[in-house]
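**Q** After the structure tokens below, expect a handful of questions from me.
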Amino acid sequence: MECKSNGLYVGQVAKISFDEPCLLNQRVAKLIPKDKFKCNIDYFYYILSTEEMHYNLASRASGSANQTNIYPTIIKSMETLVPPFEIQNKIVKILKTIDDKINIDKEINNNFIQS
Numbered sequence: 018m019e020c021k022s023n024g025l026y027v028g029q030v031a032k033i034s035f036d037e038p039c040l041l042n043q044r045v046a047k048l049i050p051k052d053k054f055k056c057n058i059d060y061f062y063y064i065l066s067t068e069e070m071h072y073n074l075a076s077r078a079s080g081s082a083n084q085t086n087i088y089p090t091i092i093k094s095m096e097t098l099v100p101p102f103e104i105q106n107k108i109v110k111i112l113k114t115i116d117d118k119i120n121i122d123k124e125i126n127n128n129f130i131q132s
């Protein structure tokens, strides 16, 4: 998902498991919650994926429309409310169920189109 705000673009958020090798390039950030026992990593992903977060990041970005920069200090200065861990887990369970349903529907649609 790209978010255009104030003529600037903010890229996509991806979730990668810790055991997967990955490479970081310029203008790519790897964000990890400070305390995995206070912040569910999936909840963290969903928060970072919201339009509100994209808008907030884009509105603080600098540079031209084709080369927007969001500096680590900007990311570190951002705040969001984090509910208790148990509530995060409940929210994640609901959102993952919805994501799974969407993926199943996409698969069904792709199979239908290919038939």
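Heads up, the sequence shown is in our numbering, so the first residue is 18 and it goes up one at a time. For every residue, glycine included, the Cβ atom is placed at its ideal position computed from N, Cα and C. Since the model is a prediction, treat every value here as computed from it, not as a measurement.
(1) In whole angstroms, what separates the C-alpha of I49 from that of T114?
(2) Which value, in whole angstroms, describes the spacing of the CA atoms of K53 and P101?
(3) Any chance the region 63-74 sits against the region 87-107, with 3 or more Cβ pairs inside 8 Å?
(4) Sorted by chain position, which residues of the same chain lie with C-beta nearer than 8 Å to I104's C-beta, five sequence neighbours on each side aside?
(5) Under the rule that 16 or more other beta-carbon atoms within 10 Å means buried, what is N57, buried or exposed?
(6) Can you tell me whether DSSP reads L112 as helix, strand or coil?
(7) I need the straight-line Cα distance from R44 to Q29, nearest angstrom please.
(8) Which same chain residues, not among the five before or five after F61, have their C-beta less than 7 Å away from its C-beta?
(9) Hey, how far is the Cα of G80 from the Cα of T67?
**A** Inspection of the coordinates gives the following:
(1) Numbered from its first residue, the sequence shown carries residue 49 at position 32. Numbered from its first residue, the sequence shown carries residue 114 at position 97. C-alpha separation (whole angstroms): 23 Å.
(2) Looking up residue 53 in the sequence shown gives position 36. Looking up residue 101 in the sequence shown gives position 84. Their Cα atoms are separated by approximately 12 Å.
(3) yes
(4) Start at 1 with the first residue of the sequence shown, and residue 104 comes out as number 87. Within the same chain, I104 has no close Cβ partners at all.
(5) For this step, residue 57 is matched to residue 40 along the sequence shown. Buried, since its Cβ has 16 or more Cβ neighbours within 10 Å.
(6) Against the sequence shown, residue 112 aligns to sequence position 95. Helix.
(7) The count along the sequence shown starts at 1 and reaches residue 44 at position 27. The count along the sequence shown starts at 1 and reaches residue 29 at position 12. Approximately 12 Å, taken between the alpha carbons.
(8) Along the sequence shown, read from residue 1 onward, the residue named residue 61 stands at position 44. The answer, listed in chain order, is P50.
(9) Taking the first residue of the sequence shown as position 1, residue 80 is located at position 63. Taking the first residue of the sequence shown as position 1, residue 67 is located at position 50. Roughly 22 Å separates the two Cα atoms.
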